[in-house]
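All remarks here apply to the structure that follows.
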């Protein structure tokens, strides 16, 4: 079980930027995958951006070109830089970490991102 703590959410106007942080309790180098998901009210939780095995990244089409995922192995941190934010980006953002391929993963408590129009 990986403990995850997200931070960095908040209220921002359309076109603004936020940087989310996720602190892990384990060495993230050994994780199979780690990244960000989001859940808007009344909707399912969807992938936003992840690192996968081998170091590749995967982004939702809706955030490509606007969001960037990055990581710091020494600090055991994963970040999500969000630029050009839109009202439809409003959601609770969750960090997820998977120890191996078939692992459903561990989740953080989530951080609220609200983009006003």
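In the numbering used here, the protein residues as written are 18 to 134. For glycine and all other residues, C-beta sits at the position ideal for the given N, C-alpha and C. Predicted model, so just to flag it, every value in this text is computed and none were measured.
- DSSP places residue 47 within a helical segment (H, G or I) once states are collapsed to three.
- Take residue 77, set aside five residues on each side of it, and the residues of its chain with a beta-carbon closer than 6 Å to its own are 64 and 65, in chain order.
- For residue 89, the enclosing beta strand (DSSP E) begins and ends at 84-89.
- Between the C-alpha atoms of residue 28 and residue 133 there is a straight-line separation of about 7 Å.
- Around the beta carbon of residue 90, fewer than 16 other beta carbons sit within 10 angstroms, so the residue counts as exposed.
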